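S.K.: When you line the sequence shown up against my numbering, it's residues 4 to 103, in that order.
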Amino acid sequence: MQVYVVTSVVAGQETVTTKAIQGFIDALSDQLGADYTFTLDTDYGKTLTKKDDAVYLVYFGSQANLSAAQQQQMIIYYSAEDVDNLQIGRFVDMLKQLKK
């Protein structure tokens, strides 16, 4: 399953740092294994234009910036707190459910 982790910039500031989000991705990957491919998208919205069966982890504060077409994708929102504290349990559960 392809999972894109989408970050964004708000008022010129990164919503989460690349280093922090990479740790979050690594923790998810360790829990979920080789059946899941995680790709970091720091160019907000670029991967949301793809028409594949991917799942998107999108920064919660960015939802107002999504177009109607982008909102039709399979999106799970995360917060900076999830990333900073490596709170991955609910994401692991949701991604496992989607794979079934």
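The C-beta atom is built at its ideal place from N, Cα and C for all residues, glycine as well. For clarity, every value in this text was computed on a predicted model and none was experimentally measured.
1. What did DSSP end up calling Ile91 once you bin it into helix, strand or coil?
2. Looking at Val8 and Leu60, is the spacing between their C-beta atoms short of 7 angstroms?
3. Phe27 and Val86 - do their beta-carbons sit closer together than 7 angstroms?
4. Are Val58 and Val6 closer than 7 angstroms when you measure CB to CB?
5. For Tyr80, which residues in the same chain have their Cβ closer than 8 angstroms to its Cβ, ignoring the five residues on either side in sequence?
6. Go through its chain and collect everything with a Cβ distance to Ile91's Cβ below 8 angstroms, but skip five positions before and after it.
7. Considering only the beta carbon of each residue, do Thr50 and Asp56 sit closer than 7 angstroms?
8. Between Thr21, Glu17 and Lys53, which has its C-alpha nearest Gln75's C-alpha?
9. If we count the other Cβ atoms within 10 Å of its Cβ and call it buried at 16 or more, is Gln73 buried or exposed?
10. Quick check: what's the CA-CA separation for Ala71 versus Ile78?
M.R.: In brief:
1. Translated into positions along the sequence shown, residue 91 becomes position 88. If DSSP states are grouped into helix, strand and coil, Ile91 belongs with coil.
2. The residue given as residue 60 occupies position 57 in the sequence shown. The residue given as residue 8 occupies position 5 in the sequence shown. The Cβ atoms of Leu60 and Val8 sit closer than 7 angstroms to each other.
3. As a first step, residue 86 is located in the sequence shown; it is residue number 83 there, counting from the start. As a first step, residue 27 is located in the sequence shown; it is residue number 24 there, counting from the start. By the CB criterion at 7 angstroms, Val86 and Phe27 fall inside the cutoff.
4. Start at 1 with the first residue of the sequence shown, and residue 58 comes out as number 55. Start at 1 with the first residue of the sequence shown, and residue 6 comes out as number 3. With respect to Val6, Val58 sits close: the two C-beta atoms are nearer than 7 angstroms.
5. In the sequence shown, residue 80 corresponds to position 77, counting from 1. Cβ within range, chain order: Leu60, Val61, Tyr62, Phe63 and Gln66.
6. Numbered from 1 along the sequence shown, position 88 holds the residue referred to as residue 91. For Ile91, where only same-chain residues beyond five positions count, the Cβ hits under 8 angstroms are Phe27, Ala30, Leu31, Gln34 and Asp85.
7. Locating residue 50 in the sequence shown gives position 47, counting from the first residue. Locating residue 56 in the sequence shown gives position 53, counting from the first residue. 7 angstroms or more divides the Cβ of Thr50 from the Cβ of Asp56.
8. One-based indexing of the sequence shown puts residue 75 at position 72. When Thr21, Glu17 and Lys53 are compared, the shortest CA-CA separation from Gln75 is found for Lys53.
9. Translated into positions along the sequence shown, residue 73 becomes position 70. Counting the other CB atoms within 10 Å of its CB gives Gln73 a total of 16 or more, which places it among the buried residues.
10. Along the sequence shown, one-based indexing puts residue 71 at 68. Along the sequence shown, one-based indexing puts residue 78 at 75. So the alpha carbons of these two residues sit roughly 13 angstroms apart.
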